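J.: Below is a structure I'd like to ask you about.
Number of protein chains: 2
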Amino acid sequence: MRGVIMHGPGDVRVEERVDPRIQEPTDAVIKIVATCVCGSDLWPYRGADTPDQQLMGHEYVGVVEQIGAEVRTLRPGDHVVGSFVVSDNTCSICAAGYQSRCVNGIFVDGGIGTQAEYARIPYADGTLVATPGRPDEDMVPSLLAASDVLGTGWFAAVTSEAGPGRPVAVVGDGAVGLMAILAARQLGAETIIAMSRHGARQELAREFGATEIVEERGDDGVERVKELTDGLGAYSVIEAVGSQESMMQAIRSTRPGGRVGYVGVSHDVELPGAELFFGLVHLHGGPAPVRRFLPDLIQLIWDRKIDPGKVFDRTMPLAQAAEAYDAMDKRMAVKVLLQP
Amino acid sequence: MRGVIMHGPGDVRVEERVDPRIQEPTDAVIKIVATCVCGSDLWPYRGADTPDQQLMGHEYVGVVEQIGAEVRTLRPGDHVVGSFVVSDNTCSICAAGYQSRCVNGIFVDGGIGTQAEYARIPYADGTLVATPGRPDEDMVPSLLAASDVLGTGWFAAVTSEAGPGRPVAVVGDGAVGLMAILAARQLGAETIIAMSRHGARQELAREFGATEIVEERGDDGVERVKELTDGLGAYSVIEAVGSQESMMQAIRSTRPGGRVGYVGVSHDVELPGAELFFGLVHLHGGPAPVRRFLPDLIQLIWDRKIDPGKVFDRTMPLAQAAEAYDAMDKRMAVKVLLQP
Numbered sequence: 000m001r002g003v004i005m006h007g008p009g010d011v012r013v014e015e016r017v018d019p020r021i022q023e024p025t026d027a028v029i030k031i032v033a034t035c036v037c038g039s040d041l042w043p044y045r046g047a048d049t050p051d052q053q054l055m056g057h058e059y060v061g062v063v064e065q066i067g068a069e070v071r072t073l074r075p076g077d078h079v080v081g082s083f084v085v086s087d088n089t090c091s092i093c094a095a096g097y098q099s100r101c102v103n104g105i106f107v108d109g110g111i112g113t114q115a116e117y118a119r120i121p122y123a124d125g126t127l128v129a130t131p132g133r134p135d136e137d138m139v140p141s142l143l144a145a146s147d148v149l150g151t152g153w154f155a156a157v158t159s160e161a162g163p164g165r166p167v168a169v170v171g172d173g174a175v176g177l178m179a180i181l182a183a184r185q186l187g188a189e190t191i192i193a194m195s196r197h198g199a200r201q202e203l204a205r206e207f208g209a210t211e212i213v214e215e216r217g218d219d220g221v222e223r224v225k226e227l228t229d230g231l232g233a234y235s236v237i238e239a240v241g242s243q244e245s246m247m248q249a250i251r252s253t254r255p256g257g258r259v260g261y262v263g264v265s266h267d268v269e270l271p272g273a274e275l276f277f278g279l280v281h282l283h284g285g286p287a288p289v290r291r292f293l294p295d296l297i298q299l300i301w302d303r304k305i306d307p308g309k310v311f312d313r314t315m316p317l318a319q320a321a322e323a324y325d326a327m328d329k330r331m332a333v334k335v336l337l338q339p
Numbered sequence: 000m001r002g003v004i005m006h007g008p009g010d011v012r013v014e015e016r017v018d019p020r021i022q023e024p025t026d027a028v029i030k031i032v033a034t035c036v037c038g039s040d041l042w043p044y045r046g047a048d049t050p051d052q053q054l055m056g057h058e059y060v061g062v063v064e065q066i067g068a069e070v071r072t073l074r075p076g077d078h079v080v081g082s083f084v085v086s087d088n089t090c091s092i093c094a095a096g097y098q099s100r101c102v103n104g105i106f107v108d109g110g111i112g113t114q115a116e117y118a119r120i121p122y123a124d125g126t127l128v129a130t131p132g133r134p135d136e137d138m139v140p141s142l143l144a145a146s147d148v149l150g151t152g153w154f155a156a157v158t159s160e161a162g163p164g165r166p167v168a169v170v171g172d173g174a175v176g177l178m179a180i181l182a183a184r185q186l187g188a189e190t191i192i193a194m195s196r197h198g199a200r201q202e203l204a205r206e207f208g209a210t211e212i213v214e215e216r217g218d219d220g221v222e223r224v225k226e227l228t229d230g231l232g233a234y235s236v237i238e239a240v241g242s243q244e245s246m247m248q249a250i251r252s253t254r255p256g257g258r259v260g261y262v263g264v265s266h267d268v269e270l271p272g273a274e275l276f277f278g279l280v281h282l283h284g285g286p287a288p289v290r291r292f293l294p295d296l297i298q299l300i301w302d303r304k305i306d307p308g309k310v311f312d313r314t315m316p317l318a319q320a321a322e323a324y325d326a327m328d329k330r331m332a333v334k335v336l337l338q339p
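If you want it as structure tokens, here you go:
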């Protein structure tokens with residue numbers, strides 16, 4: 000099969016790899032229907048992380064090809080969405096809703112890889128969720144979004160307690176930030192402040208539910224958020240970048256007692272203890288336990304109550320993966336869907 | 000009147016000061032019945048903070064002497080307990096339960112000071128809570144504990160969601176850590192791990208409800224906590240020191256999805272973003288909104304359901320404040336009650 004390998008910063012190639020096959024009785028092999036490039040893939044692409052020469056990709060919609068002898072909830076032919084972390088969904092950490100730290104957890108982009116034609120998914124019952132039937136073609140992007148960016152944005156919105164009467168601010172206008180806006184809106188927030196200085200993304204942000212746009216950054220951005228929230232700061236703040244600047248902007252935009260949900264993969268961040276202490280905000284985040292939310296998100300999409308697939312503004316064949324990375328790196332695309 | 004001034008590290012003196020009087024119609028002047036030395040007073044005493052030459056102290060039980068024209072809930076003669084931050088208790092931050100960051104908030108030890116014979120308390124209605132009547136002599140230490148260390152430990156236990164079925168670990172065996180143990184027990188936690196290597200404090204910890212003692216620190220301490228919690232780490236972890244080592248010990252002792260409640264005043268702490276991110280723990284803390292809990296805590300004490308006053312192992316006249324500081328600095332006393 001063909002799959003995407005990153006050889007070094009800026010060097011993405013589609014290469015031939017051995018087809019995956021069942022290895023454990025709890026495995027499934029799926030044929031990838033749609034996959035995509037994640038903002039987190041850009042960290043190694045830009046040289047901030049070291050590429051590991053393994054198959055890239057951790058977002059996927061697929062069709063089950065084969066199942067191991069112990070797989071109970073899936074049959075070949077099922078259309079499935081999975082999360083970016085394999086989980087058994089039975090351990091006590093999973094039971095508490097933290098499948099992204101399952102005691103048997105494996106990051107999909109740490110040796111599995113879904114920017115490919117096929118993938119072997121361990122703990123298939125605990126990782127994959129079947130859709131109610133064969134999805135319409137136009138629904139596939141939304142289901143693909145559920146696999147990571149929607150699930151991640153949703154987690155950030157839930158953990159920051161976005162809801163009625165509680166103003167929300169979102170730091171980061173990438174796909175996850177935009178999905179967090181959609182999530183906050185669904186959860187009932189009325190005031191949603193998108194921090195963005197990019198015209199097309201501002202438009203998408205408004206489409207997903209943003210009611211205010213703040214273009215300023217740093218202290219000025221914080222001041223603008225305070226002006227829009229009775230001088231207090233937002234109650235729910237979502238951080239969807241992962242840099243020192245964005246984390247501090249998020250923390251400082253939060254009112255005392257408010258909540259920061261941070262989901263941007265943290266790079267070179269050091270949080271000053273005294274400022275956190277006197278800020279008196281809640282801080283929670285990390286790799287989103289997407290599996291917790293997948294059944295509900297799939298249903299919302301299936302019922303056409305949400306349309307997160309709009310976050311994909313380009314579609315390309317897998318063979319053009321290099322072009323997809325380049326477009327996202329240059330911010331010419333919010334998110335590129337790849338068709339194997 | 001006489002009050003305690005810190006002139007420099009290790010230099011505490013009792014000096015004459017002008018008696019406070021009503022300045023604003025929302026003020027009350029109280030006669031201090033009991034006050035004490037706080038672990039946080041030891042930071043400047045040890046030279047880690049700069050003493051500000053103002054009256055020390057922020058914990059207090061008193062009797063109302065005078066009230067301003069707009070004070071509604073108190074009368075001269077009322078016995079009162081107050082928190083260490085003045086709060087109006089009406090702003091939206093107070094309404095959300097974060098009185099320690101009231102928009103009109105003032106730290107009591109930033110210019111008021113209760114290691115003295117009298118104190119002027121601004122926003123008296125929002126800051127002070129009257130006891131149901133004149134407390135018995137033996138109840139005063141417990142009421143004094145409510146003013147800070149009990150309220151702070153309680154906040155840490157609540158915010159870390161201590162309760163039935165959720166193992167608790169407490170980092171720090173000072174008065175706040177000990178009060179957090181009492182709080183966790185009251186909130187229904189069955190497994191409470193006290194991290195302490197000090198015999199007398201271990202004994203007090205067990206008396207307040209600790210079921211396990213861990214003497215190891217750092218990585219070894221974390222390993223011991225994991226051994227005692229099915230390899231997962233505690234769900235609720237309370238940090239009651241404020242150092243880099245204690246914060247990291249707390250964070251690393253917490254299972255994914257678990258909660259760190261940190262109340263040790265943060266000194267030279269820098270939290271590594273990536274470790275926080277992948278740790279997937281909740282982090283919340285800061286100056287405890289003691290006022291939120293005061294009415295309930297006073298009632299629990301009044302009904303003799305809890306006896307937090309046991310945390311005071313020494314009582315001295317205010318005139319011996321220097322000796323009190325010295326005893327706490329050398330860990331010869333857990334907490335010293337001062338009688339003006």
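Note that the protein sequences, when read in sequence, are chains Z and V.
Here the first sequence is numbered in numbering that gives the first Met the number 0, starting from 0 and rising by one per residue.
Here the second sequence is numbered in numbering that gives the first Met the number 0, starting from 0 and rising by one per residue.
Cβ atoms here follow ideal geometry from the backbone N, Cα and C, with glycine treated the same way.
On a predicted model such as this, the values are computed, not experimentally measured, just so you know.
In chain order, what residues of the same chain lie with their CB nearer than 7 Å to the CB of V32(Z), ignoring the 5 residues before and after it?
T.: Residue mapping note: residue 32(Z) aligns to position 33 of the first sequence, counting from 1. Same-chain partners within the cutoff: V60, G61, V62, V139.
J.: Quick one: list the residues of chain V neighbouring P255(Z), beta-carbon separation under 7 Å, in chain order.
T.: Here residue 255(Z) refers to the residue found at position 256 when the first sequence is read from its first residue. I92, Y97, R100, listed in chain order.
J.: Run down chain V in chain order and give the residues with a C-beta less than 9 Å from the C-beta of V268(Z).
T.: Position 269 of the first sequence, counted from the first residue, corresponds to residue 268(Z). Result: L270, P271, G272, A273, L275, F276.
J.: What's the call for M246(Z), buried or exposed, on a 16-neighbour Cβ count within 10 Å?
T.: Walking along the first sequence from the start, residue 246(Z) turns up at place 247. Result: buried.
J.: Per DSSP, G284(Z) is paired with what?
T.: By 1-based counting over the first sequence, the position of residue 284(Z) is 285. Answer is Y261(Z).
J.: Taking the alpha-carbon of L9(Z) as reference, which of D26(Z), C35(Z), T49(Z) has the nearest alpha-carbon?
T.: The count along the first sequence starts at 1 and reaches residue 9(Z) at position 10. Reading the sequence as shown, one finds Gly at residue 9(Z) and not Leu. Considering only alpha carbons, the answer is T49(Z).
J.: Going by DSSP in three states, T253(V) sits in which element: helix, strand or coil?
T.: Position 254 of the second sequence, counted from the first residue, corresponds to residue 253(V). In this structure, T253(V) counts as strand in the three-state DSSP scheme.
J.: I212(V) bridges to which residues according to DSSP?
T.: Counting from 1 along the second sequence, the entry for residue 212(V) is found at position 213. Per DSSP, A193(V).
J.: May I ask you to list, following chain order, the residues of the stretch 224-247 of chain V that have a beta carbon less than 7 Å from some beta carbon of chain Z?
T.: Residues L231, M246.
J.: Give the C-beta separation of V264(V) and G284(V) to the nearest angstrom, bearing in mind that I take them to be a contact with Cβ-Cβ under 8 Å.
T.: Taking the second sequence and counting its residues from 1, one reaches residue 264(V) at position 265. Taking the second sequence and counting its residues from 1, one reaches residue 284(V) at position 285. No, V264(V) and G284(V) are not in contact; Cβ-Cβ is about 10 Å, not under 8 Å.
J.: In terms of DSSP beta bridges, what is C384(V) paired with?
T.: The displayed coordinates of chain V run from 0 to 339. Any statement about residue 384(V) would go beyond what the structure contains.
J.: Under 8 Å between beta-carbons, which chain Z residues line up against P134(V)? List them in chain order, please.
T.: Start at 1 with the first residue of the second sequence, and residue 134(V) comes out as number 135. Result: empty, since nearest Cβ-Cβ is about 31 Å, beyond 8 Å.
J.: Among D77(Z), L127(Z), V80(Z), G171(Z), which residue has its Cα nearest to the Cα of S86(Z)?
T.: For the purposes of this step, residue 86(Z) is taken as the residue at position 87 of the first sequence. The candidate whose alpha carbon is nearest that of S86(Z) is L127(Z).
J.: Please classify P255(Z) as buried or exposed, where buried requires at least 16 neighbouring CB atoms within 10 angstroms.
T.: Reading the first sequence from its first residue, position 256 is the one you call residue 255(Z). The residue in question, P255(Z), is buried, as its Cβ has 16 or more Cβ neighbours within 10 Å.
J.: In whole angstroms, what is the alpha-carbon distance linking R223(V) and V102(Z)?
T.: As a first step, residue 223(V) is located in the second sequence; it is residue number 224 there, counting from the start. As a first step, residue 102(Z) is located in the first sequence; it is residue number 103 there, counting from the start. Taking the straight line joining both Cα atoms gives about 18 Å.
J.: Would the beta-carbon of V213(Z) fall within 9 Å of that of A118(Z)?
T.: Position 214 of the first sequence, counting from 1, holds the residue named residue 213(Z). Position 119 of the first sequence, counting from 1, holds the residue named residue 118(Z). No, they are not a contact pair.
J.: Would you identify the three-state DSSP class for L127(V), choosing helix, strand or coil?
T.: Taking the first residue of the second sequence as position 1, residue 127(V) is located at position 128. Correct three-state label for L127(V): strand.
J.: I want to know whether the stretch 143-152 of chain V touches the stretch 293-300 of chain V - three or more CB-CB distances under 8 Å.
T.: Touching, yes, given that three or more Cβ pairs across the two stretches are closer than 8 Å.
J.: Is A233(V) buried or exposed, if buried means 16 or more other CB atoms sit within 10 Å of its CB?
T.: On the second sequence, residue 233(V) is found 234 positions in, with the first residue counted as 1. Flag for A233(V) reads buried.
J.: Which residues in the same chain as V289(V) place their Cβ atom closer than 6 Å to its Cβ, once the five residues preceding and following it in sequence are excluded?
T.: Walking along the second sequence from the start, residue 289(V) turns up at place 290. The residues are S82, G150.
J.: Rounded to whole angstroms, what's the CA-CA distance from V333(V) to M194(Z)? Just pull it up for me.
T.: Position 334 of the second sequence, counting from 1, holds the residue named residue 333(V). Position 195 of the first sequence, counting from 1, holds the residue named residue 194(Z). Cα to Cα, the separation comes out at about 48 Å.
J.: Under 8 Å from any heavy atom of the ligand NAD, does the C-beta of A123(Z) make it?
T.: Within the structure as shown, the ligand NAD is missing, as the structure has no ligands at all.
J.: Report the partner residues of M5(V) according to the DSSP bridge assignment.
T.: Translated into positions along the second sequence, residue 5(V) becomes position 6. DSSP lists V11(V) as partners of M5(V).
J.: Among P24(Z), H6(Z), I92(Z), which one has its Cα closest to the Cα of G278(V)?
T.: Indexing the second sequence from 1 puts residue 278(V) at position 279. Checked all of P24(Z), H6(Z), I92(Z); the closest Cα to G278(V) is I92(Z).
J.: Secondary structure at R119(Z), three-state DSSP: helix, strand or coil?
T.: Within the first sequence, the letter at position 120 stands for residue 119(Z). Here R119(Z) sits in strand by DSSP.
J.: Tell me whether S235(V) sits in a helix, a strand or coil according to DSSP, three-state version.
T.: Counted from its first residue, the second sequence places residue 235(V) at position 236. Note: S235(V) maps to strand in three-state DSSP.
J.: Along chain V, which residues have their Cβ under 9 Å away from the Cβ of S265(Z)?
T.: Taking the first residue of the first sequence as 1, we reach residue 265(Z) at position 266. Under the 9 Å cutoff, chain V gives P271, G272, A273, E274, L275, F276, F277.
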